[in-house]
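Participant: Mind looking over this structure? Questions follow.
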Amino acid sequence: MSFSQISPIPEIKDVELGSTIGNGAFACVKSACLKSDPSVVFAVKFVHIPTCKNTGLSEKDITKEVVLQSRCSKNDNVLKVIDCNISDDFMWIVLEMADGGDLFDKIEPDVGVDSEVAQFYFQQLIRAVSYLHDECGIAHRDIKPENILLDGNGNLKLADFGLAYQYRRKDGSIRISTDQRGSPPYMAPEILHSNAYLANITDIWSIGILLFVLLTGEILWELPVFDDENFENFIKNEGNIYTGPWTRLDFNHMNLLRKILQPNPEKRVSLETLKLHPWFTSQVRFADENGLCNNPSLLARKLLSNLKVSLSDNDYFKFTQDVNMNEKIPYRLGSTQPINNDLAQIQHDSLNVKNYSFTQQHSVVPDSGGPTGQRSYLKQDLDLTKKLLTDVAVLQFCDERDPNFSSSLVLNKTNITKFYTLEEMDIILPLLETALQIVHVKVKPDLYGQFSTLFNTMGDEYMFPVTIGVKTEDRNGYVLTGSIIIAKLEDPLKSVDFERRSGDPLEWRRLFKRIALCCRGIILVPGANET
Ligand SMILES: Nc1ncnc2c1ncn2[C@@H]1O[C@H](COP(=O)(O)OP(=O)(O)OP(=O)(O)O)[C@@H](O)[C@H]1O
548 MSFSQISPIP EIKDVELGST IGNGAFACVK SACLKSDPSV VFAVKFVHIP TCKNTGLSEK
608 DITKEVVLQS RCSKNDNVLK VIDCNISDDF MWIVLEMADG GDLFDKIEPD VGVDSEVAQF
668 YFQQLIRAVS YLHDECGIAH RDIKPENILL DGNGNLKLAD FGLAYQYRRK DGSIRISTDQ
728 RGSPPYMAPE ILHSNAYLAN ITDIWSIGIL LFVLLTGEIL WELPVFDDEN FENFIKNEGN
788 IYTGPWTRLD FNHMNLLRKI LQPNPEKRVS LETLKLHPWF TSQVRFADEN GLCNNPSLLA
848 RKLLSNLKVS LSDNDYFKFT QDVNMNEKIP YRLGSTQPIN NDLAQIQHDS LNVKNYSFTQ
908 QHSVVPDSGG PTGQRSYLKQ DLDLTKKLLT DVAVLQFCDE RDPNFSSSLV LNKTNITKFY
968 TLEEMDIILP LLETALQIVH VKVKPDLYGQ FSTLFNTMGD EYMFPVTIGV KTEDRNGYVL
1028 TGSIIIAKLE DPLKSVDFER RSGDPLEWRR LFKRIALCCR GIILVPGANE T
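Here this note's numbering = 1-based position in the sequence shown + 547.
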């Protein structure tokens, strides 16, 4: 259920609210504009106070985020706070609009982003963090891809100051940190191993982890503790690792990362020294002398070109073989019995699930096209596909050599973990149900039966978009939650959107890719579906 369904969203004077553009664990974000001038667009984040309090946060904790972020609003790479206020249930923050979407969305798991793109974002992040430290005396303490947004030109905007800390007082004296907070894979080891640490130095470590994720599409470890095999290995070998994702790094990247990922904070490279490194000083092709993007279409092309979802026969065979052998599937079978709320099922405002009896059984799974590929579509369907030729969500399924892939790409807020289909719900839902089961997401049986029961009561108009809530464990046992949202576009076109709510975004995209492979027979792929 969304926050706006629990508590009414407050009205903001002189502001026209638009659609919801993002949901987090504590907040929903809406687009907005000035009533007097609709061309002035921004985003409003509504932080749901009761939800925050339920997790033990005080009102002071909640407002601290906006107080600190607004002190840092004079840098091009930090998301600007324009205004804020508080009502009974919500704190709302008017923010500059980041219409290029989230950075994590653009990182291909196990691949990463193009090296020049990684360098561009590394430079922008160093600028943002130097500004926070040098000019504001504030440490961010939660640097990770989920907290980095992009503007329409692709420039980095550091966001989410929920854990930020004023480590330097006005008189210049330093406050030492003692608490153990942060996002586990990105946390510096001293946060866990010492009783007192310097928060600004931990930011440098997190920049290193983020750089590794950008370059490889993998996190290094779950937590920087010796119980974690990968971390232990890293420490034992003093950072000299030549296996796994490290093999995908070139010598210069390795060198730079070793300087940053220095477990001893006293030996860790400083921001000043990093700013002298050639990776920082050399200008990337699509940046101006201030490091801002001056060629958004080149950046978009480079950024989006690594995003690929394979529906190939080879990968399909390999995947089905792995499933049959019931091994190599990294998703753990739940060790405990899931409670009802944890089962993937249709969600709807009006749904009182208990009152429904599931009379229809749709146990027969439609042929997904099998290894030979996608089904055929009619001529009029193909006209629709032309409209989608510039949508990365479509192009990610295409061969990169398709010239369409490299033309007219733009960065926007559209979710990329999504596919389009021309099928009807009686085909889509049973196939999704099977796919979810194959990737070990527990599903309440008969998604189509749940849909039909609701459909008969509500009709077409109120039924869509259809949302399936998903809660599962990722490969490492961490909770992953989100929704699969099926929306009707131009008949018969539908989008099937995988919207993450919490958990590791790389894991969410991995899950999406496996489900897409199971559903490959119904996915609209320009060029592949023609009769
Ligand atoms: N200024 C903005 N412009 C555009 N989109 C935004 C903006 N701020 C947030 N969003 C979108 O809203 C989503 C949720 O926002 P945010 O992550 O800040 O919520 P949250 O509840 O604080 O998150 P978390 O779950 O990480 O605590 C983001 O992933 C992003 O897609």
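Every residue, glycine too, gets a C-beta built ideally from N, C-alpha and C.
Tell me whether Ser1049 counts as near ligand 1, meaning its Cβ is closer than 7 Å to at least one heavy atom of that ligand.
Facilitator: Here residue 1049 refers to the residue found at position 502 of the sequence shown. True, at least one ligand heavy atom lies under 7 Å from that Cβ.
Participant: What would DSSP say about Phe669, mapped onto helix, strand or coil?
Facilitator: Indexing the sequence shown from 1 puts residue 669 at position 122. In the structure shown, Phe669 sits in a helix (DSSP, three-state: H, G or I).
Participant: Is DSSP giving Trp639 helix, strand or coil here?
Facilitator: What you label residue 639 is simply residue 92 of the sequence shown in a count that begins at 1. Residue state, collapsed to three classes: strand.
Participant: What does the alpha-carbon distance come out to for the pair Cys575 and Ala645?
Facilitator: By one-based count along the sequence shown, residue 575 stands at place 28. By one-based count along the sequence shown, residue 645 stands at place 98. Going from the Cα of Cys575 to the Cα of Ala645 covers about 15 Å.
Participant: Select from Lys960, Lys965, Asn959, Glu980 the residue whose C-alpha is nearest the C-alpha of Gln943.
Facilitator: Residue numbering aside, residue 943 sits at position 396 when the sequence shown is read from its first letter. Here the closest residue by C-alpha is Lys965.
Participant: With 16 as the cutoff for other CB atoms within 10 Å, does Thr1014 come out buried or exposed?
Facilitator: Here residue 1014 refers to the residue found at position 467 when the sequence shown is read from its first residue. Classification of Thr1014: buried, given that the 10 Å Cβ count is 16 or more.
Participant: Pairs of beta-carbons, one from the segment 699-713 and one from the segment 663-680, closer than 8 Å: are there three or more?
Facilitator: Touching, yes, given that three or more Cβ pairs across the two stretches are closer than 8 Å.
Participant: Round the Cβ separation of Leu969 and Leu1071 to the nearest angstrom and send it over; I've been treating them as touching at under 8 Å.
Facilitator: Along the sequence shown, read from residue 1 onward, the residue named residue 969 stands at position 422. Along the sequence shown, read from residue 1 onward, the residue named residue 1071 stands at position 524. With 8 Å as the limit, Leu969 and Leu1071 qualify as a contact, their Cβ atoms being about 6 Å apart.
Participant: Mind checking which residues open and close the beta strand (DSSP E) that includes Gly729?
Facilitator: Here residue 729 refers to the residue found at position 182 of the sequence shown. From DSSP, Gly729 is part of no beta strand (DSSP E); its letter is neither H nor E.
Participant: Check whether the Cβ of Ser813 sits closer than 7 Å to any heavy atom of ligand 1, and report yes or no.
Facilitator: For the purposes of this step, residue 813 is taken as residue 266 along the sequence shown, with counting starting at 1. Reading off the sequence, residue 813 comes out as Glu, not Ser. For ligand 1, not one heavy atom lies less than 7 Å from the Cβ of Glu813.
Participant: Which residues in the same chain as Thr1019 place their Cβ atom closer than 6 Å to its Cβ, once the five residues preceding and following it in sequence are excluded?
Facilitator: Here the question's residue 1019 lines up with position 472 in the sequence shown. Excluding positions up to five away in sequence, the list reads Val988, Leu1027.
Participant: Compare the Cα-Cα distances from Asp744 to each of Asn799, His895, Thr725, Arg1047 and report the closest residue.
Facilitator: If you number the sequence shown from 1, residue 744 lands on position 197. Contrary to the premise, residue 744 reads as Tyr rather than Asp in this sequence. Taking only the C-alpha atoms, the option nearest Tyr744 is Thr725.
Participant: Answer with buried or exposed for Val587, where buried requires no fewer than 16 other C-beta atoms within 10 angstroms of its C-beta.
Facilitator: Along the sequence shown, read from residue 1 onward, the residue named residue 587 stands at position 40. Counting Cβ neighbours within 10 Å, Val587 comes out exposed, since fewer than 16 surround it.
Participant: May I ask you to check if the CB of Val571 is nearer than 7 Å to at least one heavy atom of ligand 1?
Facilitator: In the sequence shown, counting from the first residue as 1, residue 571 sits at position 24. It should be pointed out that residue 571 corresponds to Gly in this sequence rather than to Val. It does: the Cβ of Gly571 is within 7 Å (strictly closer) of some heavy atom of ligand 1.
Participant: Under the rule that 16 or more other beta-carbon atoms within 10 Å means buried, what is His740, buried or exposed?
Facilitator: On the sequence shown, position 193 is the one that residue 740 refers to. Flag for His740 reads exposed.
Participant: Return the chain-ordered list of same chain residues with a C-beta closer than 7 Å to the C-beta of Ile654, the five sequence neighbours on each side being excluded.
Facilitator: Stepping through the sequence shown from its first residue, residue 654 is reached at position 107. Hits under 7 Å: Val660, Pro692, Val760, Leu761, Gly764, Leu1053.
Participant: In this structure, how does DSSP classify Arg1061 when only helix, strand and coil are distinguished?
Facilitator: Sequence index remark: in the sequence shown, residue 1061 carries index 514 (1-based). Reduced to three states, the DSSP call for Arg1061 is helix.
Participant: Can you give me the start and stop residues for the alpha helix (DSSP H) that Ser1042 sits inside?
Facilitator: Counting from one through the sequence shown, the residue named residue 1042 turns up at place 495. Looking at the DSSP string, Ser1042 is not in any alpha helix (DSSP H); the run it does join, the beta strand (DSSP E), is 1041-1049.
Participant: Using 10 angstroms around the beta-carbon of Gly719, count the other beta-carbons present and answer buried if the total reaches 16, otherwise exposed.
Facilitator: Taking the sequence shown and counting its residues from 1, the one referred to as residue 719 is at position 172. The residue in question, Gly719, is exposed, as its Cβ has fewer than 16 Cβ neighbours within 10 Å.
Participant: For ligand 1, any of its heavy atoms closer than 7 Å to the Cβ of Val576?
Facilitator: Locating residue 576 in the sequence shown gives position 29, counting from the first residue. Yes - ligand 1 has a heavy atom lying nearer than 7 Å to the Cβ of Val576.
Participant: Given this structure, state the Cα-to-Cα distance separating Ile1062 from Leu854, to the nearest angstrom.
Facilitator: Along the sequence shown, read from residue 1 onward, the residue named residue 1062 stands at position 515. Along the sequence shown, read from residue 1 onward, the residue named residue 854 stands at position 307. Their Cα atoms are separated by approximately 16 Å.
Participant: Using a Cβ-Cβ cutoff of less than 6 Å, which residues in the same chain neighbour Leu846 once the five nearest sequence positions on both sides are dropped?
Facilitator: Start at 1 with the first residue of the sequence shown, and residue 846 comes out as number 299. Closer than 6 Å at the Cβ level, and outside the excluded window around Leu846, lie Gly701, Phe833, Cys840.
Participant: Does the segment 563-583 come into contact with the segment 1030-1050, if we say contact requires no fewer than three beta-carbon pairs (one atom in each stretch) closer than 8 Å?
Facilitator: Yes: at least three Cβ pairs fall under 8 Å.
Participant: On the premise that Pro812 lies in contact with Glu769, defined as a C-beta separation below 8 Å, what is that separation, rounded to the nearest angstrom?
Facilitator: The residue given as residue 769 occupies position 222 in the sequence shown. The residue given as residue 812 occupies position 265 in the sequence shown. That belief does not hold up - the Cβ atoms of Glu769 and Pro812 are roughly 21 Å apart, past 8 Å.
Participant: Quick one: is the Cβ of Ile568 within less than 7 Å of any heavy atom of ligand 1?
Facilitator: The residue you call residue 568 lines up with position 21 of the sequence shown. The answer is yes for Ile568.
Participant: Use the C-beta contact count for Asp584: other C-beta atoms within 10 angstroms, 16 or more gives buried, fewer gives exposed.
Facilitator: What you label residue 584 is simply residue 37 of the sequence shown in a count that begins at 1. Exposed.
Participant: When you compare the segment 796-814 with the segment 746-753, are there three or more beta-carbon pairs, one atom per stretch, that lie closer than 8 Å?
Facilitator: Output reads yes: the segment 746-753 touches the segment 796-814.
Participant: Would you mind sorting Thr1000 into buried or exposed? The rule is 16 or more other CB atoms within 10 Å of its CB.
Facilitator: On the sequence shown, position 453 is the one that residue 1000 refers to. When all chains shown are included, Thr1000 counts as buried.
Participant: Among Glu819, Gly755, Thr828, which residue has its Cα nearest to the Cα of Ile807?
Facilitator: Along the sequence shown, one-based indexing puts residue 807 at 260. When each option's Cα is compared against that of Ile807, the closest is Gly755.
Participant: Between Lys592 and ligand 1, is there a pair consisting of the residue's CB and a ligand heavy atom that are separated by less than 7 Å?
Facilitator: Indexing the sequence shown from 1 puts residue 592 at position 45. Yes, since a heavy atom of ligand 1 falls inside the 7 Å radius drawn around the Cβ of Lys592.
Participant: With a threshold of 7 Å, establish whether the CB of Glu1046 neighbours any heavy atom of ligand 1.
Facilitator: Start at 1 with the first residue of the sequence shown, and residue 1046 comes out as number 499. Checking every heavy atom of ligand 1 against the Cβ of Glu1046, none is found closer than 7 Å.
Participant: When DSSP labels each residue in this structure, what does Glu779 get in the three-state scheme?
Facilitator: The residue given as residue 779 occupies position 232 in the sequence shown. Glu779 falls in the helix class under three-state DSSP.
Participant: Would you say the beta carbon of Lys960 comes nearer than 7 Å to a heavy atom of ligand 1?
Facilitator: Stepping through the sequence shown from its first residue, residue 960 is reached at position 413. Yes, the beta carbon of Lys960 sits closer than 7 Å to at least one heavy atom of ligand 1.
Participant: Would you say the beta carbon of Leu1058 is closer than 7 Å to some non-hydrogen atom of ligand 1?
Facilitator: In the sequence shown, the residue the question calls residue 1058 occupies position 511. Outside the cutoff, so no.
Participant: Looking at the strands, I want to know which residues DSSP matches up with Phe593.
Facilitator: Counting from 1 along the sequence shown, the entry for residue 593 is found at position 46. Answer is Cys575, Trp639, bridged to Phe593.
Participant: Can you name the residues that DSSP bridges to Tyr712?
Facilitator: Your numbering for residue 712 matches position 165 in the sequence shown. For Tyr712, which the question treats as bridged, DSSP gives the partners Ala686.
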